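Participant: There's a structure below that I have some questions on.
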Amino acid sequence: MANYDSTPIEGQGTVEFLARNKLKIKLVDALWVPKLQTNLLSVSKMTDHGFEVTFRKGEATVTHSKTGDQAMVRKRDGDIYIIEEAAEKATIVQVGAPHNF
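According to the numbering used here, the sequence shown is numbered sequentially starting from 1.
Structure representation (structure tokens):
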């Protein structure tokens, strides 16, 4: 976290949502951290799973590497990029001893 504190990860699972042009995004091994006030998306995980992420002044674009479909275009808000898509389905597949993030 930004202030070097940690908070426990209380689960791991899959999140699915529809992005731009009805492209289905499936986030595998998503971590559930209920004490965080917002969701975070890992750029490295997106690129590991076949997406390209491009940052330009004031905008971030997520494109599927194989199809060229634009999944998301997000405007910069201060120092972050906001993703407004809502999860359609979320499944926690593992709950166990908390891990620190």
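All C-beta atoms, glycine included, are put in the ideal place defined by N, C-alpha and C.
All figures in this text were calculated on a predicted structure; none of them were measured in a lab.
Would I80 be called buried (16 or more neighbouring beta carbons within 10 Å of its own) or exposed?
Facilitator: Exposed is the call here.
Participant: Is the region 3-17 touching the region 27-36 in the sense that three or more CB pairs, one from each, lie closer than 8 Å?
Facilitator: The region 27-36 vs the region 3-17: in contact.
Participant: The beta strand (DSSP E) that contains V33, what's its start and end?
Facilitator: Careful: V33 lies outside any beta strand (DSSP E) and carries neither H nor E.
Participant: What would DSSP say about T67, mapped onto helix, strand or coil?
Facilitator: Three-state result, T67: coil.
Participant: For T47, name the three-state secondary structure that DSSP assigns.
Facilitator: The answer is helix: DSSP assigns T47 an H, G or I state.
Participant: Output the distance between the C-alpha atoms of N100 and Y4, rounded to the nearest integer angstrom.
Facilitator: Low confidence applies here, because N100 scores a pLDDT of 49, under 50, leaving its location unreliable and the question unanswered by this model.
Participant: According to DSSP, is K57 helix, strand or coil?
Facilitator: Residue state, collapsed to three classes: coil.
Participant: Please say whether T67 and T61 have beta carbons closer to each other than 8 Å?
Facilitator: Result no, Cβ atoms of T61 and T67 do not sit closer than 8 Å.
Participant: Quick one: what's got a C-beta closer than 8 Å to G50's C-beta in the same chain, skipping five residues either side?
Facilitator: If we look at G50 and ignore the five residues flanking it on each side, its Cβ neighbours are H64, S65, K66.
Participant: Between Q37, P8, K45, which has its C-alpha nearest K26's C-alpha?
Facilitator: It is K45.
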